[in-house]
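A.B. asks: What follows is a structure written as structure tokens; I'll ask about it next.
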Amino acid sequence: MLDKVLLQIAKSVILSQFDNSYKVQGTRLLQDFPSLARNGAAFVTLHYEQSLRGCIGSIIAHQSLLDDIIANAYSAAFRDPRFPPLSANELPHLKIEVSVLGEPKILEYENYDDLLDKVRPNIDGLIIKHGVYQGTFLPQVWAELQTPLEFLEHLSYKVGANPLIYKEHPKIYSYTVDAIEEKFDEILPL
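First residue of the sequence shown: 409, per this note's numbering; consecutive thereafter.
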């Protein structure tokens with residue numbers, strides 16, 4: 409039940425930018441779903457047909473799950489620097505995915521080969537931190553990058569680092585997600 413509510417929150421946030429009658433009633437939601445009040449980290453991902461259209465999220469829980477989804481739904485739709493703001497005519501072609509992140513755990517490893525062995529394909533999302541470099545890939549990225557080698561190499565490119573960064577033994581964190589995705593038009597508004 410809560411999974412559907414997460415999608416409804418994200419949809420309502422997006423719709424509210426086009427129609428003022430759609431508002432997220434935070435007080436009511438927190439009464440009906442107290443778990444939304446706990447600190448949580450979430451990503452909101454938008455796909456237009458089969459292409460990425462926006463993806464913004466939090467790696468570390470720093471506000472209520474409700475507030476995090478509200479902020480990230482808005483940002484994915486209207487503030488992702490890779491895309492222009494979403495337009496109303498795109499809505500019927502959208503899919504929304506909400507991913508709630510588990511707590512990141514440091515991944516202890518001896519060397520690069522050991523790291524490759526410890527990464528769990530299709531389960532782990534990864535965070536890399538090394539000097540000025542920091543970034544993450546959600547577990548859903550495994551659909552495109554199917555080996556630990558590909559996953560780690562592309563993650564290093566994403567953060568602007570050379571894949572040789574792993575020889576410098578950067579901090580790697582792993583996490584899991586609970587994710588739900590649905591077509592925009594099939595999500596009931598709040």
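Every residue, glycine too, gets a C-beta built ideally from N, C-alpha and C. Bear in mind that the values here come from a model prediction, so they are computed numbers and not experimental data.
1. Using only CA atoms, which one of Phe486, Gly533, Glu576 and Lys503 lies nearest to Val585?
2. Measure the C-alpha to C-alpha separation of Glu518 and Ile468 and round it to an integer number of angstroms.
3. Beta-carbon separation of Arg446 and Leu502 under 8 Å?
4. Contact between the region 426-444 and the region 544-556: three or more CB pairs below 8 Å?
5. Could you give the C-beta distance for Leu515 and Ile580, rounded to a whole number, given that I count them as a contact under 8 Å?
6. CA-CA distance, Thr453 and Ser459?
7. Along the chain, which unbroken stretches of the alpha helix (DSSP H) at least 4 residues long are found entirely within the region 444-500?
8. Let me make sure I understand the geometry here. Which of Phe491, Phe451 and His455 has the alpha-carbon closest to that of Asp599?
9. Verify whether the separation of the beta carbon atoms of Glu498 and Tyr541 is less than 8 Å.
10. Could you have a look at His577 and say whether DSSP puts it in helix, strand or coil?
11. Residue range of the alpha helix (DSSP H) that Lys503 falls in?
12. Alpha carbon to alpha carbon, what distance is there between Lys575 and Ile417?
13. Can you list, in chain order, the residues of its chain whose CB lies under 6 Å from that of Val527, leaving out five sequence neighbours each side?
14. Please identify the residue among Phe592, Ala496 and Pro492 whose C-alpha is closest to the C-alpha of Phe426.
15. In its own chain, which residues sit with a C-beta less than 6 Å from the C-beta of Glu561, not counting the 5 before and 5 after it?
16. Pull the bridge partners of Ile535 from the DSSP assignment, please.
17. Among Ile536, Glu558 and His538, whose alpha-carbon lies nearest the alpha-carbon of Pro529?
18. Cutting at 6 Å between CB atoms, please list the residues of its own chain near Lys566, excluding the five before and the five after it.
C.D. replies: According to the data block:
1. To locate residue 585, count along the sequence shown from 1; it is residue 177. Of Phe486, Gly533, Glu576 and Lys503, the residue nearest in Cα terms is Gly533.
2. Numbered from its first residue, the sequence shown carries residue 518 at position 110. Numbered from its first residue, the sequence shown carries residue 468 at position 60. Approximately 25 Å, taken between the alpha carbons.
3. Locating residue 446 in the sequence shown gives position 38, where the first residue counts as 1. Locating residue 502 in the sequence shown gives position 94, where the first residue counts as 1. Result no, Cβ atoms of Arg446 and Leu502 do not sit closer than 8 Å.
4. no
5. Your numbering for residue 515 matches position 107 in the sequence shown. Your numbering for residue 580 matches position 172 in the sequence shown. Their Cβ separation, rounded to whole angstroms, is 4 Å, which keeps Leu515 and Ile580 in contact under 8 Å.
6. Residue 453 sits at position 45 when you count from the first residue of the sequence shown. Residue 459 sits at position 51 when you count from the first residue of the sequence shown. Cα to Cα, the separation comes out at about 11 Å.
7. 473-486
8. Since the first residue shown for the chain is 409 and the last is 598, residue 599 is missing from the structure and cannot be characterised.
9. Position 90 of the sequence shown, counted from the start, is the residue given in the question as residue 498. Position 133 of the sequence shown, counted from the start, is the residue given in the question as residue 541. No; because the gap between Cβ atoms is not below 8 Å, this pair is not in contact.
10. Locating residue 577 in the sequence shown gives position 169, where the first residue counts as 1. Coil at His577, not helix or strand.
11. Along the sequence shown, one-based indexing puts residue 503 at 95. First-last for Lys503: Leu502 to Leu509, but that is the beta strand (DSSP E), not the alpha helix (DSSP H).
12. Locating residue 417 in the sequence shown gives position 9, where the first residue counts as 1. Locating residue 575 in the sequence shown gives position 167, where the first residue counts as 1. Taking the straight line from one Cα to the other gives about 42 Å.
13. Within the sequence shown, numbered from 1, the residue matching residue 527 stands at position 119. Hits under 6 Å: Pro556.
14. Against the sequence shown, residue 426 aligns to sequence position 18. Ranking the options by Cα distance to Phe426, first place goes to Ala496.
15. Walking along the sequence shown from the start, residue 561 turns up at place 153. Excluding positions up to five away in sequence, the list reads Pro571.
16. Translated into the one-based positions of the sequence shown, residue 535 becomes position 127. BP columns for Ile535 point to Thr544 and Tyr581.
17. Numbered from its first residue, the sequence shown carries residue 529 at position 121. Proximity to Pro529 across Ile536, Glu558 and His538 peaks at Glu558, based on C-alpha coordinates.
18. The residue you call residue 566 lines up with position 158 of the sequence shown. The residues Gly543, in chain order, have a CB closer than 6 Å to that of Lys566 in the same chain once the five nearest residues on each side in sequence are set aside.
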